[in-house]
Amino acid sequence: MARAGHSRFDGRAVPEPPRRVAVLGAGGFVGSHLVPHLALDRSLEVVAVDRDLGKLAAGLPGVTRLPVDITTPGLLDEITGRAQVVVSLTALCNPALYNTQPLAVIDASYTDLVPLVKLCAARRRWLIHFSTCEVYGRSALDGAGRRMRAMVEDQTALCLGPVARERWTYAAAKQLLERVIWAHGQHAGLPFTIVRPFNVIGPRMDFIPGVDGEGIPRVLACFMDALMRAEPLRLVGGGRQRRSFLDVGEFVTAVGRILDHPATCQGEILNLGNPRNDVTIRALARALAKAFAALQPEAPPARFQTVDAETFYGPGYDDSVVRVPSIAKAARLLGWRPRRSLPEMLPDIVTDYVTRYAAEIAASVGQEPGGGPSTHPRRLRWTKARSASAARARRLAAGGGA
Ligand code: UDP
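This note's numbering puts the sequence shown at residues 591 to 992.
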């Protein structure tokens, strides 16, 4: 029976909802939404750790910023000494890297985090670790290889592709870390919760190549990049593969509720996704183009182009065909049910990208490669219109009205 101030999990004392939380990877897309939610909506003390905290709003009450890499000697020791719970978000979470920088991907998702697991176990700190829906592999299969309608945390098999298909390095590294965490929970006293996010999207996601990053970002930023440059949206393999998209605001609400419920959430693996937003990538492209046209009526109509996966990502790429989460467990443990549809989410996302990038992209595409002004009349007209639209979006984002 639980004593006052404590509940029980597998015979271990578990604290009441913690007050001091460390977030590793606080400067990324998810961290930049999660930290304000924890600090402002839940009044928690947060230590925000990231080598780049650029996306995280400055001056948040109760937030201590630590702009360091998690591999800095002594850092994890210090963090697990101070915080009651550690939320670990750090990873190289971008399919374009899985087959091109697999060693860095494995280190970021596995090697660098094993010491964290051990420290949390030794000190009985609650580790809330962000894994990935990628661990389920190409599609939902049960243990006998039969198709399942949805991916269920404690039932669906984890079926990755062959080793030569390096796409799966990330999923394999994440899966192994899940198993290390699970084993520490079963055999070494670690209080843990594993979260498997399913295609969380929202403002501040990723980067735009050539502006604030290089390479290929995730699909949302790829499509926004194409729309802002008036280039075709490239559909890998024709865009028939499916994803279920979850609003980042609803996602961080669920994570906040995990923190409220240590007794029920410790020792659990939880999918967080929105099965009602299961669409093809082609449908996402069309919906995003529609939202973009509504905000940027001067833009030329969107164009779509099928590209071969290996041409786009390089050798060793492979893909998930369909990814629908079961969220029955999250609904039961957290009382959480995501509601936002894609048409509801996309306008804010488009506004965010246009606000942050359109003027800079316009300045770059207004020049011919040699540096002279573009002479293409359609592109010139659109470039000017984009600069004006970006200014309008910035005023809207700042609350200044249209
Ligand atoms: N994709 C696409 N066009 C792009 C970028 C990605 O068709 O410009 C596809 C990609 O092949 C994958 C899906 O969109 O099937 C989702 O890609 P994302 O980068 O979001 O990562 P994933 O969901 O695979 O982890």
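Here a beta-carbon is modelled for each residue, glycine too, at the ideal position from N, C-alpha and C.
Keep in mind the model is a prediction, meaning the values are calculated, not measured.
| said: At a threshold of 6 Å, does residue 685 count as lining the ligand UDP (C-beta to nearest heavy atom)? | reply: yes
| message | So if DSSP puts residue 719 in a beta bridge, which residue, or which two residues, is it bridged to? | response | 678 and 784
| field | Per-residue burial, residue 865 [other beta carbons within 10 Å of its own, 16 or more giving buried] | value | buried
| message | Pop quiz: residue 631 and residue 846 are said to be a contact at Cβ under 8 Å. What is the actual Cβ separation, rounded to whole angstroms? | response | 7 Å
| task | Compute the distance between the beta-carbons of residue 783 and residue 858, then report whether it is under 7 Å. | result | yes
| task | Decide if the region 615–628 is in contact with the region 664–680; the criterion is three or more beta carbon pairs, one per stretch, under 8 Å apart. | result | yes
| request: Can you have a look at residue 777 and say buried or exposed, based on whether 16 or more other CB atoms are within 10 angstroms of its CB? | output: exposed
| said: Buried or exposed, going by whether 16 or more other CB atoms sit within 10 Å of the CB of residue 692? | reply: buried
| Taking the DSSP output, what are the residues bridged to residue 870? | 832
| task | Run the proximity test for residue 697: is its beta-carbon closer than 6 Å to any non-hydrogen atom belonging to the ligand UDP? | result | no
| field | Enclosing alpha helix (DSSP H) for residue 859 [first to last residue] | value | No alpha helix (DSSP H) holds residue 859; the beta strand (DSSP E) holding it covers 858–862.
| What are the boundary residues of the alpha helix (DSSP H) that includes residue 765? | 759–777
| message | Since residue 814 and residue 903 should fall inside the 8 Å C-beta cutoff, what is the C-beta to C-beta distance between them, to a whole number of angstroms? | response | In fact, because the Cβ distance is near 19 Å, the residues do not count as touching under 8 Å.
| query | DSSP on residue 934, reduced to helix/strand/coil? | reply | helix
| request: Confirm the yes/no value for this check: CB of residue 895, any heavy atom of the ligand UDP, distance under 6 Å. | output: no
| When burial is assigned at 16 or more other CB atoms within 10 Å of the CB, is residue 610 buried or exposed? | exposed
| The beta strand (DSSP E) spanning residue 653 covers which residue range? | 653–656
| request: Compare the beta carbon distance of residue 763 and residue 860 with 7 Å and say whether it is the shorter of the two. | output: no
| field | Beta-carbon proximity list for residue 661, same chain, < 8 Å, skipping 5 on both sides | value | 702
| said: Closest to residue 606 by C-alpha separation, out of 931, 907, 818 and 851, would be which residue? | reply: 851
| What residues in its chain sit with their C-beta under 7 Å from that of residue 686, if we drop five residues either side in the sequence? | 805, 806 and 903
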